[in-house]
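Participant: Structure below; questions to follow.
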Amino acid sequence: MGKTLFDKVWDAHVVDTIPNGPQILYIDKHLIHEVTSPQAFNELEARGIPILRPDQIVATADHNTPTINQHLPVEDPLSRNQLEQLSKNCKKHGITLYDLGHKYNGIVHVIAPELGITQPGMTMVCGDSHTSTHGAFGSIAFGIGTSQVAQVFASQSLLLKKPKSLRVSVNGILPPGVLPKDVILYIISQIGTNAGTGYFCEYAGNVFEEMSMEGRMTVCNMSIEMGARGGMIAPDQTTFDYIKGKKFAPQGDAFAKAVSYWKTLPTDADATFDKEYHFDAADIAPMLTYGTNPGMGIKINEHIPETGDMTFEKALEYMNFKGGSQLLDTPINYVFIGSCTNSRIEDFRVAANYVKGKQKAPNVNAWLVPGSQQVAKQLEKEGLVTVFENAGFTMREPGCSACLAMNDDKIPSGEYCVSTSNRNFEGRQGQGSRTILASPLVAAATAIEGKIVDITKTILA
Amino acid sequence: MEKFTKLTTTAIPLPIENIDTDQIIPARFLKATDKKGFGDNVFRDWRYDTEDGSLIKGFPLNMPQYKNAQILVAGDNFGCGSSREHAAWAIVGFGIKVVISSFFADIFKGNALNNGLLPIQVTPEFLKQLLDTVQENPDTQITIDLKNQVVEFAGVHAECHTDPVEVQGRSTKADFDIDPYKKVCMINGYDDIDFLVSKKEAIEAFEKERVVFGR
Ligand code: SF4
Chain A
8 MGKTLFDKVW DAHVVDTIPN GPQILYIDKH LIHEVTSPQA FNELEARGIP
58 ILRPDQIVAT ADHNTPTINQ HLPVEDPLSR NQLEQLSKNC KKHGITLYDL
108 GHKYNGIVHV IAPELGITQP GMTMVCGDSH TSTHGAFGSI AFGIGTSQVA
158 QVFASQSLLL KKPKSLRVSV NGILPPGVLP KDVILYIISQ IGTNAGTGYF
208 CEYAGNVFEE MSMEGRMTVC NMSIEMGARG GMIAPDQTTF DYIKGKKFAP
258 QGDAFAKAVS YWKTLPTDAD ATFDKEYHFD AADIAPMLTY GTNPGMGIKI
308 NEHIPETGDM TFEKALEYMN FKGGSQLLDT PINYVFIGSC TNSRIEDFRV
358 AANYVKGKQK APNVNAWLVP GSQQVAKQLE KEGLVTVFEN AGFTMREPGC
408 SACLAMNDDK IPSGEYCVST SNRNFEGRQG QGSRTILASP LVAAATAIEG
458 KIVDITKTIL A
Chain B
22 MEKFTKLTTT AIPLPIENID TDQIIPARFL KATDKKGFGD NVFRDWRYDT
72 EDGSLIKGFP LNMPQYKNAQ ILVAGDNFGC GSSREHAAWA IVGFGIKVVI
122 SSFFADIFKG NALNNGLLPI QVTPEFLKQL LDTVQENPDT QITIDLKNQV
172 VEFAGVHAEC HTDPVEVQGR STKADFDIDP YKKVCMINGY DDIDFLVSKK
222 EAIEAFEKER VVFGR
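Protein sequences appear in the order of chains A and B.
Residues 8 to 468 in the numbering used here are what the first sequence spells out, letter by letter.
Residues 22 to 236 in the numbering used here are what the second sequence spells out, letter by letter.
See below:
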C-alpha cells in the first residue's frame, strides 16, 4: 500500500519504537522564543544536562516585544527580563538568536520560511502551537509544550505516538475576493474545532496546488484551530522556487539533490487516510467569525445561526451579537493586520491594493504589524508603507503584537477588532476585547468603511 | 515529577465546552521565567471581575463548597488553543491533580501528563452524570485509581441509569484509557527527559544516517 506525505516524513525520522508505547522521533529543526523557553533552559540546568545540538536551534524574540521604538530599552520590566533571559541562554549555549532589532528578527513562523530554514521533508518543532505553519512546505511541523522543549534540548528528539491521518481536499474555482484565510476559516466552520484532534492533516486539491507559499502558510497555520497538531501540503515547483536562493537553503548541487528527494515526498496515489473531507471551492466566500472560537464562522453576508448550546449562547453574549442577525454594518473601531497567519508581504499587497487612494474611516484605529524585519523592508521597497500611511493606517515594527496582546498592543474592553490573526478566544486581544477573524482584504475594507461591508459587492462592482 | 497512584477527593464542576488555554491562563501572565505562581492566576478573567478586581462569587472555583477539591470536571474539548504549558502549571498550582472531560486537546493532554496532572477522558454520558452529581452534592467523593484505570464516584444520580456507564450498587464507575508508557511514568514519577537521555546512543546512530541538505 502506498504511503502518505506524512508517513514518508514521519517514518524517515523514527529513531526507535518502544514496544506498546510511543516512538522516538528525531527533530531536524527546533525554533524557540522568549516565552516558552526559559523554564526549559532552567530544567536542563537544574539536572546538569547539556543541550545536545545547539546548531539545530534558532531563536527569535517575538511574543513579548514592543512594536514601537524597538531601538529603545523595553519598558515593561517583566518582558525585558524574559528577553534578557533568552539572550543570556542563547549566548551561553551557542544558539543563533535573531534578537530585537536584528535584520532577521520577526515572528518565528514568518522568519524560518523566509530564511530558508523551513524545508520539505523535515521535522520541526517550536513551543508555539502555530508551528503548523511550516507544514506548507511539506514538513512535519508542530507545537510543543515547555517540557518537550526541554526534551528536544536534551536529546534532539521527542517521544510521540504517531497521529492518525486526515485529508481535506478542496477543488474547483474560488470566487473573487476569496483568500487563503477564507478557505481555512471556511473549512474550520464546516468541520469544527476538534475534528482534527489526534490527526495530522494534509491539504490537497487544485485550490492548494494553485496557492502561493504565503497562502499555503496561512492555511497550514490554522490547522491547530481545527484541533490537528499540524497540516501539510505536498511540496511542488512553487515550493522549490520559493526556497531557492534563501539564506539557509541548500545551494548549488545540494539544492538539485534536495529537489529530487523532495519530489519523492508527495502522497502516493494508492495511499489511504483515516478520515477525509471534500469541499467545493465555489461554495467558499469571504468569511467572518462571530463567536469565541475559530469554528464559529459564517460567510460575510450570512446570518449568525439562531440558536445553539450553552457554549454558543455564552459566546454570543460575550460578543454582544444576536442569533439570526448579520454582521454587515457592525461599526468597527479596531482593525489589526498582522500575526503569523497574515503578516507576509502578499497579505499587505492585497490590503494595499484595496486601500490605495482611499482614506480610512475616522473612527478606526488600523494597526499594521509586519511579520518580520524582512517583510517591513520589502513593504518600504514596494512603496506600500506610503500607500498605507497616506490612507491613515499606522505601521508598526514586527512582532506578535495584538495577536495575543502580551505587549501593549491591546484592544480595549468591549471593542470589536477585525483581525487577520488566528484566535478569537475571549480576551485574546486584551481583556474584554471582541475579535472577528477575517482575511487581510476584509480587514482593509473594514478599516476604510469603519464598519463591516460586503466586499463581494464592492469588488464585483 | 510527583508520583500518582490513587486519589480520593471532591471535584469542581466547570460545565463549559471548548475551554481554551487563553482562559486557563491569559497571555499577560506568561511573562515569568519560572514555573511558580501561575496557580494564582488560573482562570483569571473568569474568577475576578475585570472592572474592580473582586472575586466573582458564582464562579465554581471561587465557591466555598468546592474548596480543597483536587479534581476539575470540565466540558468537552478542554485545553484547546495554544501550546502554553503554563496552562498545566496554573491548574497544578491551584491544587488540581486530575481533569475529567469528554475530550481533551492534544497538546494540553501531553503537557498535563508531563506535569503529573492526569487528564481522564470519559464518555459524554458519564461526564454529564458526574457534573450533575457534583453540582447537586459538592461533597461527592470521587476516586481515581490509576493502576486499574478506573474512575468511580459514590451516590447515583437520578438520571444515571443509562448505558454505557456501569452502575454498581450505589456507585458509578467507568474505565479510562491512558498510554501505557505514560502510565508507568505517572506511577513512578519519571519523565521523558530521563528516558530520552538514556537513548543517546541510538539517537547519535540515527543522526549519522539521516538526510540533510540545508545548512
Ligand atoms: S503571531 Fe500570534 S499565533 Fe503567531 S506565534 Fe505570535 S502569538 Fe502565536
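Even glycine gets a Cβ: it sits at the ideal position worked out from N, Cα and C.
1. Return yes when at least one heavy atom of the ligand SF4 lies under 7 Å from the C-beta of A:Ser-346, else no.
2. Report yes or no: do the stretch 409-429 of chain A and the stretch 47-54 of chain B share at least 3 C-beta pairs separated by less than 8 Å?
3. Can you check which of these residues, A:His-137, A:Ala-288, A:Ile-311, is closest to A:Met-239 by C-alpha distance?
4. Pull out every residue of the stretch 102-133 of chain B whose Cβ sits closer than 7 Å to any Cβ of chain A, in chain order.
5. A:Ala-19 versus chain B: which residues are under 8 Å apart at the beta carbon?
6. Throw me the rounded Cβ distance for the B:Asn-136 and B:Trp-110 pair, which I believe falls under 8 Å.
7. Residues of the stretch 51-62 of chain B with a CB closer than 8 Å to any CB of chain A: list them in chain order, please.
8. Which same chain residues end up closer than 7 Å to A:Gly-101 when comparing Cβ atoms and leaving out the 5 residues on each side of it in sequence?
9. Should A:Thr-67 go down as buried or exposed, given a rule of 16 or more other Cβ atoms within 10 Å for buried?
10. I'd like to confirm something about A:Ser-428: is its beta-carbon nearer than 7 Å to some heavy atom of the ligand SF4, or not?
11. Using a Cβ cut-off of 8 Å (strictly closer), state whether A:Arg-356 contacts chain B.
12. Given A:Gly-330, which residues of its chain have a CB within under 7 Å of its CB, disregarding the five upstream and five downstream residues?
13. Which residues in chain A have a C-beta closer than 9 Å to the C-beta of B:Thr-71? List them in chain order.
14. If you draw a straight line from the C-alpha of A:Arg-356 to the C-alpha of A:Val-394, how long is it?
15. Please indicate yes or no: does the CB of B:Leu-35 lie closer than 7 Å to some heavy atom of the ligand SF4?
16. Can a CB atom of chain B be found closer than 8 Å to the CB of A:Gly-152?
17. Tell me whether A:Cys-410, by its Cβ, gets closer than 7 Å to a heavy atom of the ligand SF4.
18. Below 8 Å between beta carbons is the criterion; list the residues of the stretch 209-225 of chain B that meet it against any residue of chain A, in chain order.
19. In this structure, how does DSSP classify A:Gly-434 when only helix, strand and coil are distinguished?
20. Looking at the ligand SF4, does it come within less than 7 Å of A:Ile-114, judged from the CB to the closest heavy atom?
21. Per the contact definition of three or more C-beta pairs closer than 8 Å, is the stretch 212-224 of chain B in contact with the stretch 160-168 of chain A?
22. Give a yes or no on whether the C-beta atoms belonging to A:Ser-428 and A:Gly-345 are separated by under 8 Å.
23. Quick test of your reading: B:Gly-102 and B:Asp-43, contact by CB under 8 Å. State the CB separation rounded to the nearest angstrom.
24. Which residues mark the beginning and the end of the beta strand (DSSP E) in which A:Val-175 is found?
25. For chain A, check one thing: does any of its Cβ atoms lie closer than 8 Å to the Cβ of B:Phe-227?
26. Anything in the stretch 14-44 of chain A with a Cβ closer than 8 Å to a Cβ of chain B? List those residues in chain order, please.
27. Measuring only between beta-carbons, confirm whether B:Ile-141 sits less than 8 Å from chain A.
28. Buried or exposed for B:Ile-97, going by 16 or more other Cβ atoms inside 10 Å?
29. Return yes when the C-beta of A:His-141 is under 7 Å from any heavy atom of the ligand SF4, and no when it is not.
30. Starting from the beta carbon of B:Ile-37, find every residue of chain A whose beta carbon is closer than 8 Å, and list them in chain order.
31. Identify the residues that DSSP records as bridge partners of A:Met-402: which are they?
32. For A:Cys-407, verify whether its CB is less than 7 Å away from any heavy atom of the ligand SF4.
Facilitator: On the basis of the coordinates in this document:
1. yes
2. yes
3. A:His-137
4. Gly-102, Ser-103, Ser-104, Arg-105, Glu-106, Phe-124, Ala-126, Asp-127, Ile-128, Gly-131, Asn-132
5. Arg-231, Val-232
6. 7 Å
7. Leu-51, Lys-52, Ala-53, Thr-54, Asp-55, Lys-56
8. Pro-61
9. buried
10. yes
11. no
12. Ile-311, Pro-312, Glu-313, Thr-314, Leu-323
13. Ser-420, Gly-434, Gln-438, Gly-439
14. 10 Å
15. no
16. yes
17. yes
18. Asp-212, Asp-213, Ile-214, Phe-216, Leu-217, Val-218, Lys-220, Lys-221, Ala-223, Ile-224
19. coil
20. yes
21. yes
22. yes
23. 6 Å
24. 171-178
25. yes
26. Ala-19, His-20, Val-22, Asp-23, Ile-25, Asn-27, Gly-28, Pro-29, Ile-31, Tyr-33, Asp-35, Val-42, Thr-43
27. no
28. It should be pointed out that residue 97 of chain B corresponds to Asp in this sequence rather than to Ile. Result: buried.
29. no
30. Met-317, Thr-318, Lys-321
31. A:Leu-375
32. yes
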